[in-house]
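Just below is one structure, and these are the notes that go with it.
There are 2 protein chains.
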Amino acid sequence: MEEESSQFAEAMTTHNMEGETYEKERDPESNPLNQPLLKRSCTLSSNSLAMVGAKVSFIESLDYEINENNLFKDDWRSRSKVQVLQYIFLKWTLAFLVGLLTGLIATLINLAIENIAGYKLLAIVHLIQKRRFFMGFIYFTGANLLLTMVAAVLCVCFAPTAAGPGIPEIKAYLNGVDTPNMFGATTMFVKIIGSIGAVSAGLDLGKEGPLVHIGSCIASLLGQGGPNNYRLKWRWLRYFNNDRDRRDLITCGASSGVCAAFRAPVGGVLFSLEEVATWWRSALLWRTFFSTAVVVVVLRAFIELCNSGECGLFGTGGLIMFDVSNVTIRYHVMDIIPVAVIGIIGGVLGSLYNYLLHKVLRLYSLINQKGRIHKLLLCLTVSLFTSACQYGLPFLAKCRPCDSSLSETECPTNGRSGNFKQFNCPDGYYNDLATLLLTTIDDAVRNIFSTNTPYEYQTSSLLIFFALYCILGLFTFGIAVPSGLFLPIILMGSGYGRLLGIAMRSYTNIDQGLFAVLGAASLMAGSMRMTVSLCVIFLELTNNLLLLPITMIVLLIAKTVGDSFNPSIYEIILHLKGLPFLDAHPEPWMRNLTVGELADAKPPVITLHGVERVARIVDVLRNTTHNGFPVVDDGVVPPVGISTEATELHGIILRAHLLQALKKKWFLREKRRTEEWEVREKFTWVDLAEREEKIEQVAVMSDEMEMYIDLHPLTNTTPYTVLESMSVAKAMVLFRQVGLRHLLIVPKYVAAGVPPVVGILTRQDLRPYNILTAFPHLARSKGGEKGN
Amino acid sequence: MEEESSQFAEAMTTHNMEGETYEKERDPESNPLNQPLLKRSCTLSSNSLAMVGAKVSFIESLDYEINENNLFKDDWRSRSKVQVLQYIFLKWTLAFLVGLLTGLIATLINLAIENIAGYKLLAIVHLIQKRRFFMGFIYFTGANLLLTMVAAVLCVCFAPTAAGPGIPEIKAYLNGVDTPNMFGATTMFVKIIGSIGAVSAGLDLGKEGPLVHIGSCIASLLGQGGPNNYRLKWRWLRYFNNDRDRRDLITCGASSGVCAAFRAPVGGVLFSLEEVATWWRSALLWRTFFSTAVVVVVLRAFIELCNSGECGLFGTGGLIMFDVSNVTIRYHVMDIIPVAVIGIIGGVLGSLYNYLLHKVLRLYSLINQKGRIHKLLLCLTVSLFTSACQYGLPFLAKCRPCDSSLSETECPTNGRSGNFKQFNCPDGYYNDLATLLLTTIDDAVRNIFSTNTPYEYQTSSLLIFFALYCILGLFTFGIAVPSGLFLPIILMGSGYGRLLGIAMRSYTNIDQGLFAVLGAASLMAGSMRMTVSLCVIFLELTNNLLLLPITMIVLLIAKTVGDSFNPSIYEIILHLKGLPFLDAHPEPWMRNLTVGELADAKPPVITLHGVERVARIVDVLRNTTHNGFPVVDDGVVPPVGISTEATELHGIILRAHLLQALKKKWFLREKRRTEEWEVREKFTWVDLAEREEKIEQVAVMSDEMEMYIDLHPLTNTTPYTVLESMSVAKAMVLFRQVGLRHLLIVPKYVAAGVPPVVGILTRQDLRPYNILTAFPHLARSKGGEKGN
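Chains as they are written, first to last, in our numbering: chain G, 1 to 788; chain B, 789 to 1576.
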């Protein structure tokens, strides 16, 4: 940890470093695994660091607020009806394109995985049929190592942000946190190819999480008109050059991704709504639904196309869908007991998984920080271990005779996906463990979910399967390849469910396959803590509505049990990465603190004058990292009533806009306000939407330093404000509900000489961890009620 | 209309009356059908009137804000962990009870309707079999009139608010508008019995809307511990004696109602989310889902019980569920054309229906205002017309021979629910129009949705059916009985869909029954403008996932087409009733107006001092109808910095709390601040939660008038504020997102003598209609972009 904090040292200003030292002395936890990976100062600071793709980066907040300055007003006043229609048309076109492209790329990924993994497995089956088991092992392991290598090298060298599922970062983005390089073109391509490689390599990870990320990347790239360096300069796209519209697009993209992963359009929309999105509007629900509808149509068209056999090995498998609609489900009131048991154990296992994964991820991030070679070696080790287990363990299982009711093509199955793999067994016999292990992950799920096969799997085989995938599920997720969490959890859960089904065989007549489905659902709910969206996703996967009531009960119980132990896996990852995610509920002790007290703990607020000297602006921009500055006018005579001179709070100006003003050299020789026509001539709204500049890139001559800038036209005159007596709890509700970046604190006293702004609140100031380090006494009263 | 406004005159203060007159002169629309039913003044006022159950009543806003005053802080600081657990336990218990009771009452209603309507129809079938047609008509009409009479008399005399669906009022409640007598015990009982009567009477209305209302009533009654006059004084229930927790409970109740109506748990949750609720939190999603799960379990248990035949005629019908899961759905890319046609026509018809229903409702409200007798007569006329058509029209249809593939028990069907009713036909023949008309409404839907019966209905019969239900759908909804909108629209839509199916028979091989389902979906989307929730409800009703993609496309097209003509039917009803519903999107012209300008158009704000004379408080309460007053302290010396005296904005105090202070006679002889121990002794948080008092009921002696009250402990010290330069658009976003009742406007100038509060914004001030009457010039620039 020592090296880590010294890495950060450069980025921190002096008072932060002091805080860091103080923090270290106070911290009683000496075990490095218990410390947060990222430390922050104990006074409130606006420095924000986060783990982005196992690297520490600066992160920025997003501006969802409509920046109502003169230029903006001019711009939208001048928008004609035609332009409004352009905007609406483009909004829907983009939603359509997001759906279309996500659907196409999902099909492509499925096709590639099924074919690569399929031909790999075919070759091994041929070797095994010739009883050349060792050759088969070499071939299997070699192919898997190669595929893992491709995925890992791409991830490590070109796009570290493509590793992992990406869902926590999307969640943070939609909460208002911009993690750099998350939605770029490179990230997307690495994610696509890496995902194909990693899943084909038989690693215990899914393509579902990555698909959500890919959907979001597509949305983001479409919205900005292409990759960063080769943007399309189409005039219409300027409407989407703001954080609000990008947020909506990315929500569409995330939903489309889930929909493409599970072929679940309603589930996709609900997943975004329940798990990913922070802000949500009815209009967005509708647009998201449109995107997922397009995805489903694309997927269906391709499935029809592939059913005719033109897609290689695809068509028989791929696009997981565990259709159990032909199973007649009979259950009675007494079946509530096994169902409740599934839920309770699922909840316990899920939270245990969260706990252990947290430890493993901390360990891995220590390894990953050591450099690229370590990352690569970790990936290859995991791949080697996975391959060895998948190939070696089936030898432990006893061969079982095929059921006489099955035809010879059904059992044993060789050379295609399906139940009853022969592996090392004589003809007419099958190896049940090979059925589960030596296959693609999608097929493994389909096999273990299979209904009306109550005696297919031996208890010992299921135990080995469950134990193996518990270990793999813990140790695979953190490696530097694109990896989803859904499939590993489904595999673990289905193994556990089917085991439980065997144990309860005498008490209930619920099918074994349904036990597996319910087990998977319970573990998902126990780990991810979603309810309605998971329920709908499982409904759409299994295509059987009669299953709905028991699925609901399982999910509710598992989530309740899990919630009593620890937070959801996504929250754990968000916390590990140090992303400043704002929770929906304020902590109860926040009611005991006013924003005024919070502002006192921060360095004093830096305000600018309405007409400010260039030198001061440059100075302020160089020496602070703030992104917003209140603009205050002294000695103004208010229009009515009072004759004395007053101080006027004109609004707030953004760093980006100040930089634009400096760059465009919009200087005045004398201290005066500019006329409206001057403003219209010099600036357009398009200029202000650019955010890429840095103060170091702006050159200001020394004679220009003595000139003035009129900030009035650039100032957002309608900032959100709170009184200094407002409690932090209520300020946080406001901040999150409205989606703010800056919140001005105004004094509750009115008198001559009182400054019109007491302070500024940002996202970092409202994080419980940051507040508690600055006000440690609040932690003692922490035990109270979690606000409604 | 003249009488109407004179009715209001008493309730209006002088300046409002002036506004009213001005308004009348300006209004160019002379047709009374085009005028809004309720008029408001042209200066901004806080008077609020709405149509509640065809009567004009005063309505209040709800306080969702946490009122952070000293008492509240004491209260929650003193809450121990046990109390927090009590609260959580009770929250879930209430959610469970809401689900349980809604499920039970829904079953009861279904049982009653099926049995009453069933025995009625049985008797008529017996008469018809004896060819005593006229006797049958008398019997049919008489029974229907009697049942309608029961429903109507109950509604008119005991609970006018029980008429109609209740969904618009629930929507308004969850938006923050409290309509009186909406959730009382009387309303609930009248709604239950009225709904049974009205549906059994064969009127063209459903029990779905009323079930939603009943669910909400149950939730509200449980939350407050029983009916108004006989409340349970259980200590635990005090946690729920606030608007926030009631809001959550009622959301649960509404979801449970939809779930009970359609046996669609996920659909119920989504319906609340998409259509009914304004604020939504992830935690609420989960609790609502729990309630609907309970409802489903209750319904299933009863269906199992009734399948054994112990529920009279129930068990064969009831609880609409149009299971088409056994239909193999095959569709190709070219089927998109008929699907798109269904959507487009459905959208047009839906918006046409909205338009016409608007006119009819306006006409009806003019009739209903004339008195109870008129209301009753209207109900009976509609019932008579319905009965006559349902009985008479089938004689127009030709008898058709039964298909030879059907057994004799299947065709013709007599004496039970099912297709192929015999009616006036000879044996071996059936009357297709009687199948659709002379049956319960649920059965009619099931019959017209029936699949694999492509030649059952003649085009002429379907045309008659469609035309009849269009007329009935328009003229039944507004009468004074509990009535839902879902079923009438489904009936219309299914008729239209099946007609379209016949017209397209040669182009596509989509089943006729599916055409009926899609037609119903398209008309629902065209009129109600829901997408995801309708999609899920239809999915859960039809139990066939393969239908999902085409349902989605139909819904999206129909909603888009409908939206281009007029708002949704619920918005139309909200507008008609004059409920001050706050839309999610500010109007574009709101960006051109600041809240400061808005405040100038209102009468000056009335502030109280921190320690105020009793006489002034009584005076203020008597002469204004405001519900919140800013509390301001003059001549305070701020703790730091400035030596001069300042004016301090201490917070906002609610009318209810002032009344409590007066009632409890918490007076001080001298002008001083009270000590904390005094506060704790005299007041508890429970007292402050009471809202029932009126100033007229509080007696203050004349010697007490000269005493003082210290308002500090009762004042909410953390009100939400906006700067006077904030645009109305942004203030409205804040108001709605955070769920406020009062929003203080603070000055942007700081100087001695500036008042610390410029004005107060309430819900009424932010309504577009009210703003436009005060600032007519804004209407001209109305055409701009609808803010994203």
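Cβ coordinates follow ideal geometry from the N, Cα and C atoms, glycine included.
None of these values were measured; they are calculated from a predicted model.
Q) Of all the options G:V190, G:K207 and G:I550, which has the alpha carbon lying nearest to the alpha carbon of V150 (chain G)? A) G:V190
(Q) Taking the straight line between their C-alpha atoms, what separation do you get for H1438 (chain B) and V1399 (chain B)? (A) 11 Å
Q. Buried or exposed: which applies to G578 (chain G), given that a residue is buried once 16 or more other Cβ atoms fall within 10 Å of its Cβ?
A. buried
Q) So, using beta-carbon positions, are I1259 (chain B) and F1050 (chain B) closer together than 9 Å? A) Their beta carbons are not under 9 Å apart, which means I1259 (chain B) does not touch F1050 (chain B) by this criterion.
Q: Pull up the CB-CB distance for W1315 (chain B) and I1277 (chain B), whole angstroms please, since I reckon it's below 8 Å.
A: Residue identity check: residue 1315 (chain B) is Ser in the sequence provided, not Trp. Between I1277 (chain B) and S1315 (chain B) the Cβ distance is about 6 Å, and since that is below 8 Å, they are a contact.
Q) Using 9 Å as the limit for Cβ to Cβ distance, is L1058 (chain B) near chain G? A) yes
Q | Limits of the alpha helix (DSSP H) - the one that C259 (chain G) falls within | A | D243 to F262
Q) So, do the stretch 583 to 592 of chain G and the stretch 179 to 195 of chain G have three or more beta carbon pairs nearer to each other than 8 Å? A) Cβ pair count under 8 Å is below three, so no.
Q. Under the rule that 16 or more other beta-carbon atoms within 10 Å means buried, what is V561 (chain G), buried or exposed?
A. With 16 or more neighbouring CB atoms inside 10 Å of its own CB, V561 (chain G) falls in the buried class.
Q. Which residues of chain B have a Cβ atom closer than 7 Å to the Cβ of Q512 (chain G), listed in chain order?
A. In chain order: nothing, as chain B lies at least about 23 Å away.
Q: Can you say whether S1282 (chain B) is buried or exposed, counting buried as having 16 or more other CB atoms within 10 angstroms of its CB?
A: buried
Q. List, in order along the chain, the chain B residues whose C-beta lies closer than 9 Å to that of P454 (chain G)?
A. Within chain B, no residue comes near P454 (chain G); the closest Cβ sits about 24 Å away, beyond 9 Å.
Q | Beta-carbon neighbours of P1053 (chain B), restricted to chain G and to distances below 8 Å | A | L548, P549 and M552
**Q.** DSSP three-state assignment for R362 (chain G), whether helix, strand or coil
**A.** Correct three-state label for R362 (chain G): helix.
Q.
Whole angstroms are fine: how far does the CA of N1297 (chain B) sit from the CA of I193 (chain G)?
A. 41 Å
Q. With a cut-off of 8 Å, do at least 3 Cβ pairs link the stretch 449 to 468 of chain G to the stretch 502 to 520 of chain G?
A. yes
Q | 6 Å CB neighbourhood of R212 (chain G) in its chain, flanking five on each side removed | A | One point to set straight first is that residue 212 (chain G) is Val, not Arg, in the sequence displayed. Counting only Cβ-Cβ distances below 6 Å, and skipping sequence neighbours, we find I167, A254, G257 and V258.
Q.
Buried or exposed for I854 (chain B), going by 16 or more other Cβ atoms inside 10 Å?
A. buried
Q | Inter-residue CB distance, E208 (chain G) and L487 (chain G) (contact presumed, cutoff 8 Å) | A | The beta-carbon separation of E208 (chain G) and L487 (chain G), rounded to 6 Å, stays under the 8 Å limit for a contact.
(Q) Considering only the alpha carbon of each residue, which of B:N1095, B:R1088 and B:K879 lies closest to N1029 (chain B)? (A) Cα-wise, what sits closest to N1029 (chain B) is B:K879.
Q. Between which two residues does the alpha helix (DSSP H) harbouring Y1496 (chain B) extend?
A. It is not in any alpha helix (DSSP H) - Y1496 (chain B) instead sits in the beta strand (DSSP E) that spans Y1496 to D1498.
Q: Scan the stretch 733 to 749 of chain G for residues whose Cβ lies nearer than 7 Å to a Cβ of chain C and list them as they occur along the chain.
A: Going by chain labels, chain C is absent from the structure shown, which instead holds the protein chains G and B.
Q | Inter-stretch contact (C-beta, 8 Å, three-pair minimum) for the stretch 1164 to 1183 of chain B and the stretch 1225 to 1243 of chain B | A | yes
Q) Three or more beta-carbon pairs under 8 Å between the stretch 914 to 928 of chain B and the stretch 1139 to 1153 of chain B, yes or no? A) no
Q.
If you measure between the beta carbons of I1533 (chain B) and A1387 (chain B), is that distance less than 9 Å?
A. yes
Q) Can you tell me whether D634 (chain G) is buried or exposed, with buried defined as 16 or more other CB within 10 angstroms of its CB? A) exposed
Q) Are the beta-carbon atoms of L101 (chain G) and L222 (chain G) separated by less than 9 Å? A) yes
Q. By Cβ distance below 8 Å, which residues in the same chain neighbour R1410 (chain B) in space, the five residues on each side in sequence not counted?
A. I1483, listed in sequence order.
**Q.** Where A729 (chain G) sits in the DSSP three-state scheme
**A.** Annotated three-state conformation of A729 (chain G) is helix, per DSSP.
Q: Measure how close the beta-carbons of G596 (chain G) and H742 (chain G) come, nearest whole angstrom, since I'm counting them as under 8 Å.
A: Actually they are not in contact, since the Cβ atoms of G596 (chain G) and H742 (chain G) sit about 16 Å apart, beyond 8 Å.
Q.
Please list, in chain order, the chain G residues whose beta carbon lies closer than 9 Å to that of P1544 (chain B).
A. K748, Y749 and V750
Q: Per DSSP, which residues does R613 (chain G) bridge with? Please list them.
A: G:Y708
Q. Which residues does DSSP pair with P630 (chain G) in a beta bridge?
A. G:I652
Q. Buried or exposed: which applies to L873 (chain B), given that a residue is buried once 16 or more other Cβ atoms fall within 10 Å of its Cβ?
A. exposed
Q. How would you write the range of the beta strand (DSSP E) that C1187 (chain B) sits in, first residue to last?
A. Per DSSP, C1187 (chain B) belongs to the beta strand (DSSP E) from C1187 to P1189.
**Q.** Nearest to G1135 (chain B) (by Cα), restricted to the options B:G1307, B:E1375, B:L1072 and B:E1436
**A.** B:G1307
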